[in-house]
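Comments concern the structure below.
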Amino acid sequence: MPQTAAEPQSPILSVLGTVQIIGATGSSSGPREAQRAALLHFRPGRSADTLCTDMDPLNLWTHRTLNTRLGDLRRALCDDPEGNPYVPRRASLDDPYTLSPEVRCDWNEFKALAEDALVNGPADVTLLEEALSMVRGRPFGTHLLPWAEPLAQEMITRIIDVAHTVAQWRTESGHRHDLVAARQAVSAVLRLLGDAVVAGGDQGQTPNVIATSQSHP
17 MPQTAAEPQS PILSVLGTVQ IIGATGSSSG PREAQRAALL HFRPGRSADT LCTDMDPLNL
77 WTHRTLNTRL GDLRRALCDD PEGNPYVPRR ASLDDPYTLS PEVRCDWNEF KALAEDALVN
137 GPADVTLLEE ALSMVRGRPF GTHLLPWAEP LAQEMITRII DVAHTVAQWR TESGHRHDLV
197 AARQAVSAVL RLLGDAVVAG GDQGQTPNVI ATSQSHP
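In the working numbering, the protein residues as written are 17 to 233.
What follows is the structure in structure tokens.
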């Protein structure tokens, strides 16, 4: 998504690696604010009690702490061009906590690229390679909270599938044949995800990816 001065872009929540917020225009945002934004994005509509548990299962937050921390996140993300906060204020105590749908997420963009490519087939292999280029490391980083573990595993499996498809398409005969690109797809995933590929990949997929890249001299 190109960004221009005349057309400001919303912040990006990046979870394909250590969680971070890119493009926030408010106060400085660090890993903790990014983790809170990720929880609101992937688990919208949760109650205060659930959020207090999710954010620190060993030392449960009080509602006051939760409101303070979400206030910090609101100031970090600031407002959209219409003046609406990216972390909406609740109208009543019964309202759930949410993150504005205007906040983009690299995982959503990864899935969109992959889905477009799979519809059109090998002709769009470059879209899959673009998706893989977005992966910076293990989804949610190496020290993720329990609520994020199932999501991280889902992402790892999907990334492995995409790398496997790139390797397959790039080793087929024709003008897209490119063994270097096939090996790069595999090696990039193995390097970035490390042990998570072996420990977390769905059964049979990881060996297939490796075999595809290594079966050609």
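Note that beta-carbon positions come from the ideal geometry of N, C-alpha and C, so glycine has one too.
| request: Would you kindly report the start and end of the unbroken alpha helix (DSSP H) that includes Gln36? | output: Here residue 36 refers to the residue found at position 20 of the sequence shown. Premise fails: Gln36 lies in the beta strand (DSSP E), Gln36 to Ile38, not in any alpha helix (DSSP H).
| request: Would you kindly report the start and end of the unbroken beta strand (DSSP E) that includes Ser108? | output: Position 92 of the sequence shown, counted from the first residue, corresponds to residue 108. Premise fails: Ser108 is in no beta strand (DSSP E) and is neither H nor E.
| request: Report the three-state DSSP secondary structure of Ser203 (helix, strand or coil). | output: Within the sequence shown, numbered from 1, the residue matching residue 203 stands at position 187. Here Ser203 sits in helix by DSSP.
| said: I'd like the span of the alpha helix (DSSP H) that includes Leu160, first residue to last. | reply: Sequence index remark: in the sequence shown, residue 160 carries index 144 (1-based). Run containing Leu160: none; DSSP gives neither H nor E here.
| query | Between the beta-carbon of Leu129 and the beta-carbon of Glu146, is there less than 8 Å? | reply | As a position in the sequence shown, residue 129 is number 113, starting the count at 1. As a position in the sequence shown, residue 146 is number 130, starting the count at 1. Against a cut-off of 8 Å, the Cβ pair of Glu146 and Leu129 comes out as a contact.
| Simplified DSSP state of Pro101, which is helix, strand or coil | Indexing the sequence shown from 1 puts residue 101 at position 85. Strand.
| Roughly how many angstroms separate the alpha carbons of Leu55 and His191, rounded to a whole number? | Here residue 55 refers to the residue found at position 39 when the sequence shown is read from its first residue. Here residue 191 refers to the residue found at position 175 when the sequence shown is read from its first residue. If I take the Cα positions, the gap works out to 43 Å.
| field | the stretch 138 to 152 touching the stretch 29 to 43, judged by at least three CB pairs closer than 8 Å | value | Segments in contact, yes.
| said: Between which two residues does the alpha helix (DSSP H) holding Leu144 run? | reply: Walking along the sequence shown from the start, residue 144 turns up at place 128. Counting along the chain, the alpha helix (DSSP H) containing Leu144 begins and ends at Val141 to Ser149.
| Distance, Ala164 Cα to Ala197 Cα | For the purposes of this step, residue 197 is taken as residue 181 along the sequence shown, with counting starting at 1. For the purposes of this step, residue 164 is taken as residue 148 along the sequence shown, with counting starting at 1. Each residue's alpha carbon lies about 31 Å from the other.
| said: Just to confirm my understanding: we take His57, look at its own chain, exclude 5 residues before and 5 after, and list those with CB closer than 8 Å. What are they? | reply: As a working note, residue 57 is residue 41 in the sequence shown. In its chain, beyond the 5 residues on either side, Leu29, Leu115, Val119 and Cys121 have a beta carbon closer than 8 Å to the beta carbon of His57.
| request: Sort out for me which residues DSSP pairs Arg62 with in a bridge. | output: As a position in the sequence shown, residue 62 is number 46, starting the count at 1. Tyr113, per the DSSP bridge assignment.
| How is the alpha helix (DSSP H) around Leu89 delimited, first residue to last? | As a first step, residue 89 must be located in the sequence shown, where it is residue number 73. His79 to Leu93 is the extent of the alpha helix (DSSP H) around Leu89.
| Residue(s) in a DSSP beta bridge with Ser30 | Here residue 30 refers to the residue found at position 14 of the sequence shown. Per DSSP, the beta bridge partners of Ser30 are Gln36.
| message | On a Cα-Cα basis, can you pick out the residue from Leu76, His159, Ile175 and Arg90 that is closest to Glu131? | response | Locating residue 131 in the sequence shown gives position 115, where the first residue counts as 1. The residue with the shortest Cα to Cα distance from Glu131 is Ile175.
| request: State the Cα-Cα distance for the pair Ala201 and Leu144, rounded to the nearest angstrom. | output: Within the sequence shown, numbered from 1, the residue matching residue 201 stands at position 185. Within the sequence shown, numbered from 1, the residue matching residue 144 stands at position 128. If you draw a straight line from the Cα of Ala201 to the Cα of Leu144, it is about 9 Å long.
| For Pro112 and Asp140, the rounded distance between their alpha carbons | Within the sequence shown, the letter at position 124 stands for residue 140. Within the sequence shown, the letter at position 96 stands for residue 112. Looking at the two C-alpha atoms, the distance is approximately 40 Å.
| message | Only counting the same chain, and skipping five residues up and downstream in sequence, which positions put a Cβ closer than 7 Å to that of Thr69? | response | Position 53 of the sequence shown, counted from the first residue, corresponds to residue 69. Annotation for Thr69: Leu76 place their beta carbon closer than 7 Å to its own, counting only its chain and skipping 5 residues before and after.
| task | Report all residues from its chain with a CB closer than 7 Å to the CB of Ile38; omit the five preceding and five following residues, and keep chain order. | result | Position 22 of the sequence shown, counted from the start, is the residue given in the question as residue 38. For Ile38, where only same-chain residues beyond five positions count, the Cβ hits under 7 Å are Pro27, Ile28 and Ser30.
| request: Could you check which residue in Pro47, Ser189 and Asp88 has the C-alpha nearest to that of Tyr102? | output: Here residue 102 corresponds to residue number 86 of the sequence shown, with the count starting at 1. Checked all of Pro47, Ser189 and Asp88; the closest Cα to Tyr102 is Asp88.
| Continuous alpha helix (DSSP H) stretch holding Pro166: start and end | Counting from 1 along the sequence shown, the entry for residue 166 is found at position 150. For Pro166, the enclosing alpha helix (DSSP H) stretches over residues Glu165 to Thr187.
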